[in-house]
Each structure stands twice: as C-alpha cells, then as structure tokens.
Amino acid sequence: MSRTVLIDPVTRIEGHAKITLHLDEEGRLRDTRFHVVEYRGFETFCEGRPFTEMAGITARICGICPVSHLLCAAKTGDKLLGVRVPPAARKLRRLLNLAQLTQSHALSFFHLSSPDFLLGWESDPARRNIFGLMTADPDLARAGIRLRQFGQRILESLGGRKIHSAWAVPGGVRAPLSEDARAWILEGLPEARATAKRALGLFKDLLDGPLKREQAEFGRFPSLFMGLVTPEGMWEHIDGLIRFRGPDGAIVADGLSEDDYASFLGEAVEPWSYLKFPYYKPFGYPEGIYRVGPLARLNVCEAIGTPWADQELAEFRQRAGRMALSSFAYHHARLVEIAACLEAIEGLMADETLRAGRVRARASLNANEAVGVSEAPRGTLFHHYRVDDQGLITRVNLIIATGQNNLAMNRTVHQIARAWLPDPVAADAEIPEAILNRIEAGIRCFDPCLSCSTHAAGRMPLEVTLLSASGEVLAERRRASL
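Heads up: the sequence shown runs through residues 24 to 505, numbered per this note's numbering.
Listed below in structure tokens is the structure:
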C-alpha cells in the first residue's frame with residue numbers, strides 16, 4: 024500500500040534531487056538511484072555572447088562557488104587570447120581560489136554536515152542544522168561562521184563583493200591587492216588557524232568514537248580518483264596537470280592536459296536523471312567510475328608542501344590508508360584542505376611579488392577554441408569554449424565537479440542503504456529518521472552543488488522513495504522547498 028512520510032525542514036544540500044530505493048520481490052534492496060530533477064542548460068544561454076563576458080556569466084550559475092567558474096572562464100579566455108598572465112595576477116588568482124576553498128569547506132563542514140555528527144542522526148530534523156548547533160555549542164558555531172567569513176572577506180577585498188565579482192578576466196585580474204586588505208588578512212589568520220585546528224581535533228575524536236562505523240561503511244568502495252597536481256606531483260588547486268590514481272595507489276594516468284579531456288573523459292546519460300555520468304573513458308562505463316574533490320586531491324598528490332597541512336595529511340592517511348576509499352573521508356579531507364589553504368594564504372602574504380603593479384595582459388583573439396581547468400571546492404572543473412572570428416561563443420561545454428561524482432554518489436547511497444536498512448524490508452515497515460538521514464548524509468559527503476552540475480537555478484528539496492519490485496511506493500519522505 025502506498026504511503027507518504029513528510030520530512031521537514033529542508034535537507035542540507037544545494038539543489039533539487041531525490042533518492043529512490045528499489046526492492047526485489049523478497050523485500051531486499053536491489054538498486055538505489057540518486058536523481059537530479061532540475062535542468063536549465065546554461066551552456067545554451069552562452070551562445071552568441073562575447074567570450075570576454077563568460078567569466079561574469081558562468082559565475083551566475085552558482086552563488087556558493089561563483090569563484091570557481093570565474094577563474095576557469097578567465098583561464099579559458101587566457102588561452103583564446105594567447106597571452107601569458109603576469110606573475111602577480113597568477114598569484115592573486117591563487118589567493119582568490121584559496122579563499123574560495125576556505126569559505127566553501129567551512130560552509131560544508133560547520134553549516135551542512137556537522138549537525139549530523141554533533142547533534143546526532145536521530146535528533147529532531149527541525150533543530151538538526153546550524154541553528155541547532157548554535158544552541159548546543161554556540162562557541163563552535165560562531166567560530167565556524169567566522170572562519171567562513173574570513174574567506175568571504177578575502178573574496179570581497181579582491182573582487183569588490185563576496186558573490187559574483189568580475190575581478191578575474193582573460194589576461195589576469197582587474198586590480199591588485201590593497202595594503203589594507205593584506206594587513207587585515209594577516210591579522211585574521213591566527214583566529215582562522217585556531218578554528219581549523221579545533222575542528223580537526225574534534226572530528227578526529229569523533230572518528231575514533233561514534234563515527235567509526237560511518238567511516239567504514241559510508242561509500243567505501245574501489246574507484247579511480249582524479250585531480251590536479253604540480254609537475255612534481257604535489258597538491259594543486261588552480262594551475263596543474265591532471266592525474267588519475269587507482270584504488271591501490273597506482274598512478275593510472277599522469278601529466279594529462281585539459282586540452283585532451285575528451286580522450287579520457289566520457290559522459291553517459293541515464294533516463295532517470297538530468298545529471299550526466301562522467302567516467303574514465305579507457306575503462307568504459309560504468310567501470311570507469313572516479314571521484315573528484317578534496318578526497319581525490321589528497322589521494323592523487325604526493326604531499327601538500329606546507330608543515331601543518333602535511334602533518335594533518337599524514338594523520339589522515341594513517342587513519343584512512345594511503346588511498347582513502349570511504350566517501351565519509353571527504354569531511355576530514357575538507358578540514359585538511361582548510362589547513363593547507365590557510366598556510367598558503369600566509370605564504371602569499373609574505374610574497375613581495377604579489378604586490379607588483381602589472382596584473383593584466385591584453386591582446387586580441389588569437390584562437391577559436393580553448394579548454395580551461397581548475398579545482399573547485401567540489402572537484403575538477405572544465406570549461407570548453409568555441410568562438411567565431413569575432414570572439415562570439417558558438418559552443419560551450421561545462422564539465423562540473425559534482426557531475427563527475429555522480430556515479431560515486433549513487434554507489435555511496437546504495438552502500439549506506441544496504442548497510443542500515445532492514446534485510447528484508449517489510450511492506451509496512453516504518454523507516455526510522457536516523458536511517459534515512461544517513462542515506463541523505465551519503466550525498467552530503469560530496470557537498471554537491473546541483474545548480475552547478477545541471478547549470479540550473481538552485482532549489483533545495485530532496486525526496487527519498489522506497490519502491491517495491493512491482494513499482495509500488497512503500498514509503499516516501501519529502502522535504503519542502505524554501
């Protein structure tokens with residue numbers, strides 16, 4: 024018999040999606056699907072626009088990570104112009120991306136995910152959020168908000184505003200960093216570092232205690248991992264080469280250029296989701312499943328290259344192995360990356376060349392096609408543009424980080440459902456809140472940005488539906504839209 028269970032409040036993801044759990048005739052879990060059910064097709068909107076506008080246009084895809092599209096579009100524009108970006112501008116772009124990673128990772132951990140860990144999977148959904156965390160631990164909540172604010176203020180000081188700035192442009196950036204901004208960044212770094220250290224200590228304690236099972240069973244499966252590294256194989260987030268590692272740690276492919284992405288990345292389509300399913304083309308679909316983002320970046324690199332972050336990376340690998348295979352480890356990886364970002368920001372503040380006056384190279388159109396790549400908070404981002412001789416866009420292809428994790432997100436929620444659902448599931452079974460919240464939390468591990476991945480205007484409801492072998496709805500839980 025069909026029945027509906029309402030979930031409230033809105034779940035903590037960015038975008039509109041639902042999860043269906045398919046049972047066989049005996050009531051055992053057969054399949055789990057993560058559906059993305061929104062679509063806008065931003066690529067088509069871009070056709071006919073000057074490529075010089077693409078940084079500002081694509082940044083509007085998302086209000087959470089506009090910097091990612093801004094920088095990737097600017098880098099693609101650099102190649103269309105055929106210019107060498109001035110060294111100071113390259114470092115300023117790097118500062119912008121470090122601030123973006125910091126604020127986005129802080130948002131993911133403190134606002135979206137920590138309520139599950141700190142308030143409990145079974146806690147009242149109405150208080151299992153940042154406001155509930157403010158009540159339970161106001162000092163921690165305040166520290167998390169201020170850490171995100173630190174990253175946001177850097178974005179504002181560079182681009183003039185926190186969201187949708189037009190500061191990065193083809194050829195460089197519009198303006199250098201002011202001395203006042205440099206001074207307050209240095210002033211704010213100690214507090215930011217203290218908050219990151221506190222969060223790392225807290226989360227490691229949780230991994231040693233109440234979150235041990237989650238670390239073991241939240242999407243622990245073999246896959247490839249992809250991310251940017253330096254030519255020496257070190258952690259990289261904006262200018263680097265593409266590397267794939269296998270689940271055993273072996274380097275599957277290295278030194279790949281974004282220009283050749285079509286030779287190693289394929290995109291499959293399923294009728295039940297608007298979100299494409301990228302895969303590593305040499306291995307085929309779906310065997311070419313791979314993961315991107317903070318977990319992948321830590322897995323593919325040899326080291327980070329700064330003392331504190333490398334110490335945290337060593338602890339991370341001691342707990343999870345040289346290749347961390349659990350999707351739950353994304354949370355820990357984000358905190359390690361915050362440490363890396365803060366150390367890198369501190370290093371840039373001491374770099375005198377950052378304050379050089381020349382921050383933009385100018386030229387006319389010198390190519391009709393280009394591909395840019397950078398690391399967004401959620402993973403590797405590709406922009407591919409074709410333009411006519413007037414510089415007007417004729418074709419755009421955006422390969423978004425969240426989309427590249429699509430196969431992994433589906434496998435993660437399936438594994439969580441198999442681990443926590445009763446076996447078999449009775450037709451009249453009540454599905455406890457804690458179980459369904461864990462299934463949703465499997466998606467939150469990846470911190471998905473569904474507006475980016477479908478290039479759509481974001482909404483935030485998520486549905487979980489339990490289906491019998493005949494397709495009958497046994498249970499449905501729906502979170503209301505804002």
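Just so it is clear, CB atoms sit at the ideal spot from N, CA and C, and this is done for glycine as well.
> Under the three-state reduction of DSSP, which class applies to residue 478: helix, strand or coil?
Replying inline: As a working mapping, residue 478 is identified with position 455 in the sequence shown. Confidence at residue 478 is low in this model, with a pLDDT of 38, below 50, so its placement is unreliable and no value can be given for it.
> Short check: CB of residue 435 to CB of residue 241, under 8 Å?
Replying inline: Translated into the one-based positions of the sequence shown, residue 435 becomes position 412. Translated into the one-based positions of the sequence shown, residue 241 becomes position 218. Taking 8 Å as the Cβ cut-off, residue 435 and residue 241 qualify as a contacting pair.
> Enumerated in chain order, which unbroken segments of the alpha helix (DSSP H) with a length of 4 residues or greater are wholly contained in the segment 90-176?
Replying inline: 110-129, 137-142 and 153-159
> Once you ignore the five residues that flank residue 96 on each side, which residues in its own chain have a CB closer than 6 Å to its CB?
Replying inline: One-based indexing of the sequence shown puts residue 96 at position 73. Taken in chain order, the residues that qualify are 77, 78, 81 and 406.
>> Going residue by residue through the segment 215-254, where are the continuous alpha helix (DSSP H) segments of at least 4 residues, counting only ones entirely within it?
In response: 235-240
> For residue 261 versus residue 120, is the C-beta spacing smaller than 8 Å?
Replying inline: Taking the first residue of the sequence shown as position 1, residue 261 is located at position 238. Taking the first residue of the sequence shown as position 1, residue 120 is located at position 97. In this structure, residue 120 lies closer than 8 Å to residue 261 by Cβ.
> If you follow the beta strand (DSSP E) that residue 395 is part of, which residue opens it and which one closes it?
Replying inline: Locating residue 395 in the sequence shown gives position 372, counting from the first residue. Residue 395 -> beta strand (DSSP E) spans 392-399.
> What distance in whole Å lies between the Cβ atoms of residue 432 and residue 327, which are believed to be in contact at a cut-off of 8 Å?
Replying inline: Stepping through the sequence shown from its first residue, residue 327 is reached at position 304. Stepping through the sequence shown from its first residue, residue 432 is reached at position 409. Not really, about 26 Å apart at Cβ, beyond 8 Å.
>> Could you compute how far the alpha carbon of residue 437 sits from the alpha carbon of residue 54?
In response: Start at 1 with the first residue of the sequence shown, and residue 437 comes out as number 414. Start at 1 with the first residue of the sequence shown, and residue 54 comes out as number 31. Answer to the nearest angstrom: the Cα atoms are 7 Å apart.
>> Measuring straight from C-alpha to C-alpha, what distance separates residue 42 and residue 296?
In response: Counting from one through the sequence shown, the residue named residue 42 turns up at place 19. Counting from one through the sequence shown, the residue named residue 296 turns up at place 273. Approximately 11 Å between the Cα atoms of the pair.
> Tell me which same chain residues have a C-beta within less than 6 Å of the C-beta of residue 170, skipping the five on either side of it?
Replying inline: Position 147 of the sequence shown, counted from the start, is the residue given in the question as residue 170. Counting only Cβ-Cβ distances below 6 Å, and skipping sequence neighbours, we find 129, 215 and 218.
> In three-state DSSP terms, what is residue 185?
Replying inline: Against the sequence shown, residue 185 aligns to sequence position 162. Three-state DSSP puts residue 185 in coil, outside helix and strand.
> In this structure, what does DSSP give as the bridge partners for residue 290?
Replying inline: Start at 1 with the first residue of the sequence shown, and residue 290 comes out as number 267. According to DSSP, which records beta bridges pairwise, residue 290 is partnered with 301.
> Among 179, 233, 461 and 409, which residue has its Cα nearest to the Cα of residue 392?
Replying inline: Counting from 1 along the sequence shown, the entry for residue 392 is found at position 369. Measuring from the Cα of residue 392, the nearest candidate turns out to be 409.
> For the 8 Å Cβ check, are there 3 or more pairs between the segment 97-105 and the segment 372-392?
Replying inline: yes
> Applying the criterion that 16 or more other CB atoms from any shown protein chain within 10 Å of the CB defines a buried residue, is residue 495 buried or exposed?
Replying inline: Your numbering for residue 495 matches position 472 in the sequence shown. Looking at its Cβ environment, which holds fewer than 16 other Cβ atoms inside 10 Å, residue 495 is exposed.
> Taking the C-alpha atoms as reference points, what is the distance between residue 320 and residue 351?
Replying inline: One-based indexing of the sequence shown puts residue 320 at position 297. One-based indexing of the sequence shown puts residue 351 at position 328. About 15 Å.
> Excluding sequence positions up to five away, which residues of its chain have a Cβ less than 7 Å from the Cβ of residue 399?
Replying inline: Against the sequence shown, residue 399 aligns to sequence position 376. Result list for residue 399: 88, 91 and 424, in chain order.
> DSSP beta-bridge partners for residue 258?
Replying inline: The residue labelled residue 258 in the question sits at position 235 within the sequence shown. Per DSSP, 252.
>> Given this structure, state the Cα-to-Cα distance separating residue 308 from residue 441, to the nearest angstrom.
In response: Taking the sequence shown and counting its residues from 1, the one referred to as residue 308 is at position 285. Taking the sequence shown and counting its residues from 1, the one referred to as residue 441 is at position 418. Approximately 23 Å between the Cα atoms of the pair.
>> Suppose you measure from the CA of residue 343 to the CA of residue 349; what does that come to, to the nearest Å?
In response: Within the sequence shown, numbered from 1, the residue matching residue 343 stands at position 320. Within the sequence shown, numbered from 1, the residue matching residue 349 stands at position 326. Going by the C-alpha atoms only, they are around 8 Å apart.
> Can you give the Cα-Cα distance for residue 292 and residue 300, rounded to whole angstroms?
Replying inline: Walking along the sequence shown from the start, residue 292 turns up at place 269. Walking along the sequence shown from the start, residue 300 turns up at place 277. Spanning the two alpha carbons is a distance of roughly 6 Å.
>> Less than 6 Å between C-beta atoms, sequence neighbours within five positions excluded: which residues of the same chain meet that for residue 185?
In response: As a position in the sequence shown, residue 185 is number 162, starting the count at 1. Cβ within range, chain order: 175, 178 and 179.
>> Quick check on this structure: which residue in 421, 274, 302 and 125 has the alpha carbon closest to the alpha carbon of residue 252?
In response: Numbered from its first residue, the sequence shown carries residue 252 at position 229. Nearest option by C-alpha distance: 274.
>> Helix, strand or coil for residue 483? Go by DSSP, reduced to three states.
In response: Taking the first residue of the sequence shown as 1, we reach residue 483 at position 460. Caution applies to residue 483, whose pLDDT of 40 falls short of 50 and renders its modelled position unreliable; the model cannot decide the point.
> Quick one, are the C-beta atoms of residue 125 and residue 365 less than 8 Å apart?
Replying inline: Within the sequence shown, numbered from 1, the residue matching residue 125 stands at position 102. Within the sequence shown, numbered from 1, the residue matching residue 365 stands at position 342. Yes, the pair counts as a contact, with Cβ atoms nearer than the cut-off.
> residue 420 to residue 66, Cα distance in whole Å?
Replying inline: In the sequence shown, residue 420 corresponds to position 397, counting from 1. In the sequence shown, residue 66 corresponds to position 43, counting from 1. So the alpha carbons of these two residues sit roughly 6 Å apart.
> What is the DSSP secondary structure of residue 264, counted as helix, strand or coil?
Replying inline: Here residue 264 refers to the residue found at position 241 of the sequence shown. In this structure, residue 264 counts as strand in the three-state DSSP scheme.
>> Using the three-state DSSP reduction, which class does residue 213 fall into: helix, strand or coil?
In response: Translated into positions along the sequence shown, residue 213 becomes position 190. Correct three-state label for residue 213: helix.
> Taking the C-alpha atoms as reference points, what is the distance between residue 93 and residue 191?
Replying inline: Residue mapping note: residue 93 aligns to position 70 of the sequence shown, counting from 1. Residue mapping note: residue 191 aligns to position 168 of the sequence shown, counting from 1. Approximately 6 Å, taken between the alpha carbons.
>> Rounded to the nearest angstrom, what separates residue 259 and residue 448 at their Cα positions?
In response: Position 236 of the sequence shown, counting from 1, holds the residue named residue 259. Position 425 of the sequence shown, counting from 1, holds the residue named residue 448. If you take the alpha carbons of residue 259 and residue 448, they lie about 45 Å apart.
> Which stretch, first to last residue, makes up the beta strand (DSSP E) that contains residue 421?
Replying inline: Taking the first residue of the sequence shown as 1, we reach residue 421 at position 398. Looking at the DSSP string, the run of the beta strand (DSSP E) that includes residue 421 is 416-422.
> Looking at the structure shown, is residue 72 part of a helix, part of a strand, or coil, going by DSSP?
Replying inline: On the sequence shown, residue 72 is found 49 positions in, with the first residue counted as 1. Reduced to three states, the DSSP call for residue 72 is coil.
>> Assuming the contact rule is C-beta atoms closer than 8 Å, residue 106 and residue 194 should be a hit. Round their C-beta distance to whole Å, please.
In response: In the sequence shown, residue 106 corresponds to position 83, counting from 1. In the sequence shown, residue 194 corresponds to position 171, counting from 1. That pair is a contact at about 5 Å.
> Cα separation between residue 575 and residue 117?
Replying inline: Examination of residue 575 is not possible in this model, given that the chain is present from 24 through 505 alone.
>> Please classify residue 114 as buried or exposed, where buried requires at least 16 other C-beta atoms within 10 Å of its C-beta.
In response: Here residue 114 is taken as the residue at index 91 of the sequence shown, counted from 1. Result: buried.
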